Amino acid sequence: MNLKKPSLWILTTVVIVFVVIAVFFMTVLMKKLELPDSSDVISMKLEQFNDGETIGGTVITDKEDIETVLAAFSGAKKTMRYSVNDYPTVNDYLIIRFNLKGTSRTLCLYNEWNDYLIEEPYIGIYKYKGDKEKVESIYGVYTRNIAVGNLSVNYDGIIAVSGNKQVPVIVYQSPLDVSLSDIKDTIYYLGIDTGTQFIPFRVFTDGREQFGSYRLYDAETLESIDFPVTSGLAPQAYILSKAQSDHAYIVTLAIGEWNEEGTEVIGDTLVFGIKLL
Numbered sequence: 001m002n003l004k005k006p007s008l009w010i011l012t013t014v015v016i017v018f019v020v021i022a023v024f025f026m027t028v029l030m031k032k033l034e035l036p037d038s039s040d041v042i043s044m045k046l047e048q049f050n051d052g053e054t055i056g057g058t059v060i061t062d063k064e065d066i067e068t069v070l071a072a073f074s075g076a077k078k079t080m081r082y083s084v085n086d087y088p089t090v091n092d093y094l095i096i097r098f099n100l101k102g103t104s105r106t107l108c109l110y111n112e113w114n115d116y117l118i119e120e121p122y123i124g125i126y127k128y129k130g131d132k133e134k135v136e137s138i139y140g141v142y143t144r145n146i147a148v149g150n151l152s153v154n155y156d157g158i159i160a161v162s163g164n165k166q167v168p169v170i171v172y173q174s175p176l177d178v179s180l181s182d183i184k185d186t187i188y189y190l191g192i193d194t195g196t197q198f199i200p201f202r203v204f205t206d207g208r209e210q211f212g213s214y215r216l217y218d219a220e221t222l223e224s225i226d227f228p229v230t231s232g233l234a235p236q237a238y239i240l241s242k243a244q245s246d247h248a249y250i251v252t253l254a255i256g257e258w259n260e261e262g263t264e265v266i267g268d269t270l271v272f273g274i275k276l277l
């Protein structure tokens, strides 16, 4: 009789181990992708990569589009796979970067073996198990906005130009009603070689050059960069006088009427980035 006791203990231990493992797997696989509330999303940037190369990005602030994307992701559940890269290792994927109050969050959507996967860099990989037409609506949001050039508000044809290079300019209210930390990852950066141009960049709206009050900020520290004002010259001629090569900056251009105190421009703020080459 005593010989049966060890066998009973072994069987009991095995059963307990299997139960623990089963509970663990069920807990992991039942975990859903946690998503931000739409009211906390200031904007989102969608950018499609094909064969590892970007085909274009668009910044969206339309609440209905934001809610469409969040609703499409709501059916995703965690897999046993982990993310160990900044971006997926596949060639084709769509990046969705949510710009939240005080922070940001990046998700990557791609198709693998007819399944839609959502990868959150260094966090995890989730599998979409709902209606595929719902998740495909995200691509509809991207295609529609990239086609019309949606830039935070319905301003078409607003660009910053340097030589033969150009980037879209995002428009906000003036005085600027969002923090630079919230938008620094959503703006487009224009590469500039300052050694070859007296006027390194210009800003245009539908072919008409825009003029106003410029400000320059370090894209990393967000500190304001002072620059000497030279009478008779366009601000672009001296705004980068203290800028360093191989560094990124945020440019704001306020257009409108000065307030009574002469301290702020009331109107629009055009925002884009600069990377000195």
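At position 202 of the sequence shown (counting the first as 1) the number is 202 in the UniProt record's numbering, and the numbers step up by one without a gap. We put the beta carbon where it would ideally sit given N, CA and C, even for glycine. Please read all numbers here as calculations on a predicted model, not as lab measurements.
In the DSSP annotation of this structure, the continuous segment of the alpha helix (DSSP H) that includes phenylalanine 73 starts and ends at 63-73. Shown here for isoleucine 125: same chain residues with a beta carbon closer than 8 Å to its own, the five before and five after excluded, namely Lys78, Thr79, Arg81, Tyr82, Ser83, Leu117, Ile118, Glu119 in chain order. One alpha carbon belongs to serine 162, the other to valine 229, and they sit about 21 Å apart. Judged by their CB atoms, proline 235 and tyrosine 217 are not nearer to each other than the 8 Å cut-off.
Between the C-alpha atoms of glutamate 260 and glutamate 64 there is a straight-line separation of about 37 Å. Straight across, the Cα-Cα distance linking glutamate 223 with tyrosine 93 is about 34 Å.
Annotated as distal: isoleucine 138 and leucine 100, with beta-carbon spacing of 8 Å or more. Linking glycine 273 to alanine 219 through their CA atoms gives a straight-line distance of about 8 Å. Relative to the Cα of isoleucine 66, the nearest Cα in the group Ile42, Tyr87, Lys127 belongs to Ile42. Using a Cβ distance threshold of 8 Å, isoleucine 250 and lysine 184 count as a contacting pair. Collapsing the DSSP output to three states places arginine 105 in a strand. Tyrosine 189 sits away from valine 169, with the two beta carbons spaced by 8 Å or more. Shown here, leucine 117 sits in a strand according to DSSP, grouped into three states. At a cut-off of 4 residues, the continuous stretches assigned as alpha helix (DSSP H) that sit fully inside the segment 151-187 are 180-183. Note on aspartate 268: 16 or more other CB atoms within 10 angstroms of its CB, so buried under the neighbour-count rule.
Valine 141 is positioned such that its CB atom lies no closer than 8 Å to that of threonine 186.
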